[in-house]
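K.L.:
Sharing a structure here in structure tokens format.
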Amino acid sequence: MSPEPTPTPTSPADTALRPSEVNSIAWGDLVAELDGCRADENGPAISGITLDSRQVRHGDLYVGLHGLHAHGARFAGSAAQSGAVAVLTDDEGATLAADAGVPIIVVPDPRAAMAVAAAKIFGHPADAMTMFGVTGTNGKTTTAFLVEAGLRAAGRHVGTIGTIGFQLDGVELPSARTTVTTPEAPDLQGLFGAMAERGATDVVMEVSSHALALQRVDGTRFDVAAFTNLGRDHLDFHKTLDDYFEAKARLFTSNLARLGVINVDDPRGRQLVERMQASGVTAVTTSIHEPSDYQVMSWHPGPHGAVLEVTTPSGERTLELSLPGEFNVRNAVMALAMLEAAGLSFDEVAHGLSSAQVPGRMERVDLGPDSPTALVDFAHTPQAIASALDAARSSVDGGRLIAVLGAGGDRDAAKRGPMGDVAAERADVVIITDDNPRTEDPATIRAAVLEGAHEAAEDGVIVVDGGRRREAINEALRMAEVGDVICVLGKGHETGQHVGGEVLPFDDREVIRAEWHTMARQAEEDQTR
1448 MSPEPTPTPT SPADTALRPS EVNSIAWGDL VAELDGCRAD ENGPAISGIT LDSRQVRHGD
1508 LYVGLHGLHA HGARFAGSAA QSGAVAVLTD DEGATLAADA GVPIIVVPDP RAAMAVAAAK
1568 IFGHPADAMT MFGVTGTNGK TTTAFLVEAG LRAAGRHVGT IGTIGFQLDG VELPSARTTV
1628 TTPEAPDLQG LFGAMAERGA TDVVMEVSSH ALALQRVDGT RFDVAAFTNL GRDHLDFHKT
1688 LDDYFEAKAR LFTSNLARLG VINVDDPRGR QLVERMQASG VTAVTTSIHE PSDYQVMSWH
1748 PGPHGAVLEV TTPSGERTLE LSLPGEFNVR NAVMALAMLE AAGLSFDEVA HGLSSAQVPG
1808 RMERVDLGPD SPTALVDFAH TPQAIASALD AARSSVDGGR LIAVLGAGGD RDAAKRGPMG
1868 DVAAERADVV IITDDNPRTE DPATIRAAVL EGAHEAAEDG VIVVDGGRRR EAINEALRMA
1928 EVGDVICVLG KGHETGQHVG GEVLPFDDRE VIRAEWHTMA RQAEEDQTR
């Protein structure tokens, strides 16, 4: 007979989201799932799992990992006092947790075991839904939004997980966030369980390279996984581009994916297809330039975005997008391939793909009539900046393209010069500013981006140190005229700026509107004097 469901409290915004009821897992059933573990023969039933001692609920398994600054097992006593009934850790952690007063499960790889345990404890909730995963350097968020839009157009109930947050059918699910993009395994499996409980039929999620390297999605098998591209990013974590690629490639192994949709215009995509074919994972290919299953035959700018002709296994299709640029054509074709791979038809999903808008991705900020065009985008890698500015250039109506961008602090410093380089190659005016400086000196970060921009700037291209972000946006607006396009890059949908140890309120879209209205008001006052 199955154990009785154990109620868990409704999650406030400062705790991880879980289903309201879970079936407790018998100790022996859990231990049997974990390779190479040592544990007492008898132990308590487990009804939850966490690696954050501050998030413990009664009945939880607390996971003590070796961290950058301290071993998590040091907090096992506090976790036990808060209701944890057992600890999962390594040999070192077992020594540290010996006085916690609860049974200890010792495993050689706590991270891997944590993912398996989390899926088991929450009842493998992903198995009840169709799972879509998107990885790649650029385009993850837009592709995920396009897939979600197609699914919802087909009448499905869709959970989304990624950079912009956690949502179900477009409504935010308030929850503590353990990471920027992909939650840690206990929170992820709890989130899957909550979504399934609330009626989700599908989940679309961004799968970051960090998540793959740190085994956060282990224990989940995606029905459809997608690879957008590989560019330079996160080398502060992965160290080399090959390491970065290998992390992404983990998603396309048989234990994590049933089928992969791959952009074969990217050489790393072609490499992935070869590996998948050798290992028996089905590959569906997309391309603008290479022969592929989903091949764009032509595309051109449309009244609101782009119009494309694509050859698919189901026939030749015409798709009109509300998103501009070649890179969004790529994202849309990938989303279509993912949806059809999951069994949906073009007619079911086309309206969703055509009407989808993505917050902070080539998002237009309306400044009113007789004004320059203002766009906001999340681009923060050389590859993404190039794609965004190429798309923005298609909106320039006889004027100039003005780029505002900076680089983040405490991250891959080697990409700063190339970011300035690609901006100066594409824009008529480049204003370098602060992004999220974090604990670094903002002027030092700007100097590195400026150096790259100055080296690439040809005659006539203006490169400016705009200083702080609000002042730089103001400078761009003052320089702009009707017919110009201002492209503010780097933060996109974000509503805060990381400076020192603080997160200060800052939304590029709101700042653009506020600065423009202030300038307009000042101009009116000057005219009346």
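Letter by letter, the sequence shown follows residues 1448 to 1976 of our numbering.
Glycine is no exception: its CB is placed at the ideal position from the N, C-alpha and C atoms.
What runs of the beta strand (DSSP E), each 3 residues or longer, lie entirely inside the segment 1835-1901?
P.N.:
1848-1852 and 1876-1880
K.L.:
In three-state DSSP terms, what is residue 1779?
P.N.:
If DSSP states are grouped into helix, strand and coil, residue 1779 belongs with the helices.
K.L.:
Based on DSSP bridge pairs, tell me the residues matched to residue 1614.
P.N.:
DSSP output for residue 1614 lists 1607 and 1619 as bridge partner(s).
K.L.:
Assuming residue 1505 and residue 1530 make a contact with CB atoms under 8 Å, what is their CB distance in whole Å?
P.N.:
3 Å
K.L.:
Would you kindly work out how many angstroms separate the C-alpha atoms of residue 1848 and residue 1819, rounded to a whole number?
P.N.:
Distance between the alpha carbons of residue 1848 and residue 1819: 10 Å.
K.L.:
Count the other CB atoms within 10 Å of the CB of residue 1621; is the residue buried (16 or more) or exposed (fewer)?
P.N.:
Exposed is the call here.
K.L.:
Relative to the C-alpha of residue 1936, which candidate in 1850, 1555 and 1564 has its C-alpha closest?
P.N.:
1850
K.L.:
What first and last residue would you give for the beta strand (DSSP E) that runs through residue 1496?
P.N.:
1495-1497
K.L.:
Bridge partners of residue 1510, per DSSP?
P.N.:
1535
K.L.:
Just the Cα atoms here: how many angstroms apart are residue 1788 and residue 1715?
P.N.:
21 Å
K.L.:
Could you tell me the alpha carbon to alpha carbon distance between residue 1625 and residue 1631, rounded to whole angstroms?
P.N.:
Reliability fails at residue 1625, whose pLDDT of 47 lies under 50, so the model's placement of it is uncertain and the value that follows must be treated cautiously. Cα-Cα distance, rounded: 7 Å.
K.L.:
Would you report the Cα separation of residue 1588 and residue 1600, rounded to the nearest angstrom?
P.N.:
18 Å
K.L.:
Mind checking who residue 1746 pairs with in its DSSP beta bridge?
P.N.:
As DSSP reads the structure, residue 1746 sits in a beta bridge with 1755.
K.L.:
Just list the alpha helix (DSSP H) runs in the segment 1646-1678, keeping only unbroken ones of 4 residues or longer that don't cross its boundaries, in chain order.
P.N.:
1656-1660
K.L.:
For a test of the three-state rule: what should DSSP assign to residue 1553, helix, strand or coil?
P.N.:
strand
K.L.:
Does the segment 1696-1706 come within contact of the segment 1717-1736, defined as at least 3 CB pairs closer than 8 Å?
P.N.:
yes
K.L.:
Pick from 1898, 1846, 1507 and 1834: whose alpha carbon is nearest that of residue 1860?
P.N.:
1898
K.L.:
How many Å lie between residue 1580 and residue 1671 at the Cα?
P.N.:
6 Å
K.L.:
Buried or exposed for residue 1479, please, with buried defined as at least 16 other CB atoms from any protein chain shown within 10 angstroms of its CB.
P.N.:
Burial check for residue 1479: the Cβ neighbour count within 10 Å stays below 16, so the residue is exposed.
K.L.:
For the candidate residues 1567, 1540 and 1656, whose alpha-carbon lies nearest to that of residue 1554?
P.N.:
1540
K.L.:
On the premise that residue 1771 lies in contact with residue 1841, defined as a C-beta separation below 8 Å, what is that separation, rounded to the nearest angstrom?
P.N.:
6 Å
K.L.:
From residue 1655 to residue 1968, what does the alpha carbon distance come to, in whole angstroms?
P.N.:
44 Å
K.L.:
Since residue 1780 and residue 1757 are thought to touch, with beta carbons under 8 Å apart, how far apart are those beta carbons, to the nearest angstrom?
P.N.:
With 8 Å as the limit, residue 1780 and residue 1757 qualify as a contact, their Cβ atoms being about 6 Å apart.
K.L.:
Let's see if you can read the secondary structure: which residues bound the beta strand (DSSP E) around residue 1707?
P.N.:
1706-1710
K.L.:
Considering only the alpha carbon of each residue, which of 1611, 1516, 1545 and 1538 lies closest to residue 1405?
P.N.:
Lying before the first or after the last residue shown, residue 1405 is absent from the chain, which here runs from 1448 to 1976.
K.L.:
Would the beta-carbon of residue 1913 fall within 8 Å of that of residue 1882?
P.N.:
no
K.L.:
In chain order, which continuous runs of the beta strand (DSSP E) of length 3 or greater are located wholly inside the segment 1908-1934?
P.N.:
Here the runs fully enclosed are 1909-1914.
K.L.:
Residues bridged to residue 1579 by DSSP?
P.N.:
1651 and 1671
K.L.:
Classify residue 1966: buried if its beta carbon has 16 or more other beta carbons within 10 angstroms, exposed otherwise.
P.N.:
Its Cβ having fewer than 16 others within 10 Å, residue 1966 is exposed.
K.L.:
Give a yes or no on whether the C-beta atoms belonging to residue 1570 and residue 1666 are separated by under 8 Å.
P.N.:
no
K.L.:
Going by DSSP, which residues form a beta bridge with residue 1730?
P.N.:
Under DSSP, residue 1730 takes part in a beta bridge, and its partners are 1707.
K.L.:
If you draw a straight line from the C-alpha of residue 1586 to the C-alpha of residue 1602, how long is it?
P.N.:
24 Å
K.L.:
Can you tell me whether DSSP reads residue 1817 as helix, strand or coil?
P.N.:
coil
K.L.:
Just to confirm, is the Cβ distance from residue 1939 to residue 1808 under 8 Å?
P.N.:
For residue 1939 and residue 1808, yes; Cβs fall inside 8 Å.
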